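Undergrad:
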Amino acid sequence: MTNIDLRNELKNKIWKIANEVRGSVDGWDFKQFVLGTLFYRFISENFANYMKGGDDSINYADLTDDQIPAEIKDDAIKTKGYFIHPSELFGNIVKKAKDNKNLNTDLAAIFHAIENSANGYASEKDIKGLFADFDTTSSRLGNTVADKNKRLKAVLDGIAELNLNVGKFEDNQIDLFGDAYEYLINNYAANAGKSGGEFFTPQTVSNLIARLAMHKQDKVNKIYDPAAGSGSLLLQAKKQFDDHVIEEGFFGQEINHTTYNLARMNMFLHNINYDKFDIALGDTLINPHFGDDKPFDAIVSNPPYSVNWIGSDDPTLINDERFAPAGVLAPKSKADFAFVLHALSYLSSKGRAAIVCFPGIFYRGGAEQKIRKYLIDNNYVETVIALAPNLFYGTTIAVNILVLSKNKTVSKT
Numbered sequence: 030m031t032n033i034d035l036r037n038e039l040k041n042k043i044w045k046i047a048n049e050v051r052g053s054v055d056g057w058d059f060k061q062f063v064l065g066t067l068f069y070r071f072i073s074e075n076f077a078n079y080m081k082g083g084d085d086s087i088n089y090a091d092l093t094d095d096q097i098p099a100e101i102k103d104d105a106i107k108t109k110g111y112f113i114h115p116s117e118l119f120g121n122i123v124k125k126a127k128d129n130k131n132l133n134t135d136l137a138a139i140f141h142a143i144e145n146s147a148n149g150y151a152s153e154k155d156i157k158g159l160f161a162d163f164d165t166t167s168s169r170l171g172n173t174v175a176d177k178n179k180r181l182k183a184v185l186d187g188i189a190e191l192n193l194n195v196g197k198f199e200d201n202q203i204d205l206f207g208d209a210y211e212y213l214i215n216n217y218a219a220n221a222g223k224s225g226g227e228f229f230t231p232q233t234v235s236n237l238i239a240r241l242a243m244h245k246q247d248k249v250n251k252i253y254d255p256a257a258g259s260g261s262l263l264l265q266a267k268k269q270f271d272d273h274v275i276e277e278g279f280f281g282q283e284i285n286h287t288t289y290n291l292a293r294m295n296m297f298l299h300n301i302n303y304d305k306f307d308i309a310l311g312d313t314l315i316n317p318h319f320g321d322d323k324p325f326d327a328i329v330s331n332p333p334y335s336v337n338w339i340g341s342d343d344p345t346l347i348n349d350e351r352f353a354p355a356g357v358l359a360p361k362s363k364a365d366f367a368f369v370l371h372a373l374s375y376l377s378s379k380g381r382a383a384i385v386c387f388p389g390i391f392y393r394g395g396a397e398q399k400i401r402k403y404l405i406d407n408n409y410v411e412t413v414i415a416l417a418p419n420l421f422y423g424t425t426i427a428v429n430i431l432v433l434s435k436n437k438t439v440s441k442t
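If you're matching positions, the sequence shown starts at 30 in our numbering and goes up one per residue.
1) So what's Tyr392 in DSSP terms, helix, strand or just coil?
2) Note down the Cα distance separating Tyr69 from Pro418, rounded to an integer number of angstroms.
3) I'd like the list of long-range same chain contacts for Gly222, defined as Cβ closer than 7 Å, with 5 residues on each side in sequence excluded.
4) Name the one or two DSSP bridge partners that Val249 has.
5) What are the start and end residues of the beta strand (DSSP E) that includes Thr233?
6) Which residue's Cα is closest to the Cα of Gly258: Ile426, Asn41, Leu310?
7) Contact check, Ala427 vs Pro388 under 8 Å by CB: the rounded distance?
8) Using the three-state DSSP reduction, which class does Gly225 fall into: helix, strand or coil?
9) Can you say whether Pro98 is buried or exposed, counting buried as having 16 or more other CB atoms within 10 angstroms of its CB?
10) Just to confirm, is the Cβ distance from Ala396 to Val357 under 8 Å?
11) Confirm, please, whether the CB-CB distance from Leu433 to Ala382 is below 8 Å.
12) What residues match up with Leu431 in a beta bridge as DSSP calls it?
13) Report the rounded CA-to-CA distance for Arg401 versus Arg36, giving the unit in angstroms.
14) Answer yes or no: the CB of Ala99 versus the heavy atoms of the ligand ATP, is any distance below 7 Å?
15) Between which residues of its own chain and Gly65 is the CB-CB distance below 6 Å, once the five residues before and five after are set aside?
16) State the DSSP-derived secondary structure class of Ser378, mapped to helix, strand or coil.
17) In this structure, what does DSSP give as the bridge partners for Ile328?
18) Between the C-alpha atoms of Ile188 and Asp95, what's the straight-line distance to the nearest angstrom?
19) Apply the 10 Å Cβ neighbour rule to Pro354 and answer buried if 16 or more other Cβ atoms are within range, or exposed otherwise.
20) Could you tell me if Thr313 is buried or exposed, where buried requires 16 or more neighbouring beta carbons within 10 angstroms of its beta carbon?
21) Should Glu276 go down as buried or exposed, given a rule of 16 or more other Cβ atoms within 10 Å for buried?
22) With distances taken from CA atoms, which of Asp128, Glu190, Leu263, Ala142 is nearest Lys179?
23) Hey, how far is the Cα of Asn302 from the Cα of Lys109?
24) Please report the straight-line C-alpha distance between Asn192 and Val123, rounded to a whole angstrom.
25) List the whole-angstrom C-beta distance separating Tyr253 from Ile328, where the pair is believed to meet the contact cut-off of C-beta under 8 Å.
26) Tell me whether the beta-carbon of Val63 lies closer than 8 Å to the beta-carbon of Ala292.
27) Return the chain-ordered list of same chain residues with a C-beta closer than 6 Å to the C-beta of Asn236, the five sequence neighbours on each side being excluded.
28) For the beta strand (DSSP E) containing Ile122, name the first residue and the last one.
29) Between Ile443 and the rest of its own chain, which residues show a CB-CB distance below 7 Å, the 5 nearest in sequence each way excluded?
30) Would you kindly report the start and end of the unbroken beta strand (DSSP E) that includes Leu310?
31) Output needed for Ile43: all residues of its chain with C-beta closer than 8 Å, excluding positions within five of it in sequence on either side, in chain order.
32) Where do the N-terminal and C-terminal ends of the alpha helix (DSSP H) with Asn148 fall, by residue?
33) In three-state terms, what does DSSP make of Glu283?
34) Please check the pair Asn429 and Cys386, which I expect to be a contact at CB under 8 Å, by giving their CB distance rounded to whole angstroms.
35) Note down the Cα distance separating Leu118 from Gln246, rounded to an integer number of angstroms.
36) Thinking just about the alpha-carbon of each residue, which of Glu74, Gln61, Asn48 is nearest to the one in Asn300?
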C-alpha cells in the first residue's frame with residue numbers, strides 16, 4: 030500500500046468515525062477521542078508484542094490476568110514503563126464492546142490502571158495523566174450511558190479497522206499520529222475558532238527545521254524543543270537519526286496541558302521509550318526546566334508568535350542568565366525574542382538551533398532591535414530563511430526560520 034493509500038485510508042476512517050458521533054461531540058474535542066484511541070491501540074499491541082518475547086506460540090491476549098507472575102509484571106514495567114493486563118488490551122475490549130453496558134466506565138478504569146501501574150517506578154512521571162483528556166465518562170459523548178457507549182464503540186471500531194502492522198505502528202510508511210492530528214486540525218480548527226498552529230507544526234516544515242538543526246552533525250548529545258507542542262518537531266528530528274547518532278534522548282517543555290499529554294503519547298507512539306524522553310509541563314520563559322541538562326547539540330522550536338509575557342514587570346528577569354547577555358528583555362507584548370534567547374542559552378558550543386519566527390522581530394525597533402544587534406555582534410546568526418505564506422494552521426503569514434550557531438567560522442561581516 031502506498032503512502033497516499035495509507036493516508037487516504039486513515040482520513041476515510043476518521044471521517045467515518047466523525048459521522049458516527051456527529052451532533053454530540055464538538056469537532057475540536059473529538060480529536061482527543063480519536064488520538065486517545067489510536068494511542069490506546071498502539072500501546073496495547075506494542076505491549077502484547079513485547080510480552081511474546083519473540084515466541085510466536087504465545088498469544089498474550091489469550092492469557093488470563095492471574096497467569097502473569099508478579100516478577101514478570103515488575104520487569105515489564107521497568108522495561109516498557111507501564112503494564113497492561115490481557116483483559117485490558119484494546120483488541121479484547123473491542124471484541125466485547127457491543128454487549129458491554131459498562132464500556133465507558135470500564136475504559137476509564139483501564140486507563141487509570143495503566144497510569145497507576147507505573148507508580149513507584151522510574152517511568153511514573155512519564156505515564157501519569159496520559160489519558161487525562163480521554164474522558165470516556167464525559168457528557169460530551171452523550172447524556173446517557175447508552176449514548177456514551179454507542180459513540181465510544183464507534184471510535185473503537187473505527188480505529189480497530191485501520192490496516193496497521195500489529196505492534197509496529199512506528200514501522201508504517203506514514204506518521205500515523207501526525208497525519209491523524211494534521212487531518213483533524215485541518216477539518217476542525219478553523220471552524221472551532223482554535224489556533225492549530227500553536228499545537229502542531231506541519232510535517233513538511235518540521236522536516237526542514239529538523240534537517241537544519243542536524244546539518245553537518247554526525248551525532249548529537251540530545252535534542253530539545255522549548256515549546257514542544259504535540260512533539261512533531263522532535264519526532265521529525267528522530268527521522269534524521271537514521272544517519273546520525275543521538276546519545277541521551279529527547280527533551281521538551283509545553284505549557285498547554287492537553288498538548289503536553291499529546292506530546293508524551295506521541296513519544297510512545299513512535300516507540301521512544303520512557304527513559305529516552307523527558308517532556309515537562311510548564312511555562313518555559315518563567316519556569317524553565319532542563320537547565321541542569323543543557324547544553325543541547327540540537328534545538329528545534331516553533332514557539333507561539335508575539336504572545337504576552339511578564340517581561341520587565343519582573344525585574345529579576347534582566348539578571349536571568351538567558352536574557353542578561355543581551356542587556357534587554359523582549360517586549361511584554363511580544364515574547365518572540367525571549368524564546369530565541371532561551372534557546373541560545375541552552376545551545377551547546379557545537380550545536381545548532383532552528384526556530385520558526387514571526388517576521389516582525391526582524392525589523393521592529395526598540396528592545397527587539399537591541400537583541401538583534403546582540404545576536405549579530407556575537408556572530409550567532411547563521412541564516413534566516415523566509416517561508417511561503419499559508420503553511421501553518423490558524424495563520425496566513427509568511428514566517429521565517431532563524432538558525433543560530435555558536436561555532437560560526439565565517440565572520441558576521
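Glycine included, every Cβ here is placed at the ideal spot set by N, Cα and C. The structure presented is a predicted model; accordingly, all values stated were derived computationally and were not measured.
TA: Here's the rundown:
1) coil
2) 36 Å
3) Residue confidence is low: Gly222 scores 48 on pLDDT, short of 50, so the model does not pin down where it sits. No coordinate-derived value is stated.
4) Ile275
5) Thr233 -> not in any beta strand (DSSP E); alpha helix (DSSP H) instead, spanning 232-243.
6) Leu310
7) 7 Å
8) Only weak support exists for where Gly225 lies, its pLDDT of 46 falling under 50; the value from the coordinates is given anyway. Residue state, collapsed to three classes: helix.
9) exposed
10) yes
11) yes
12) Ile384, Val413
13) 42 Å
14) Absence of the ligand ATP is noted for the structure shown, with no ligands found whatsoever.
15) Phe163
16) strand
17) Tyr253, Ala382
18) 28 Å
19) exposed
20) buried
21) exposed
22) Asp128
23) 7 Å
24) 15 Å
25) 5 Å
26) no
27) Gln265
28) No beta strand (DSSP E) contains Ile122, which is instead part of the alpha helix (DSSP H) from 119-125.
29) With the chain covering 30 to 442 only, the question about residue 443 has no answer from this structure.
30) 306-310
31) Val63, Gly187, Ala209, Tyr212, Leu213
32) Asn148 -> no alpha helix (DSSP H), and no H or E assigned at all.
33) strand
34) 5 Å
35) 41 Å
36) Glu74
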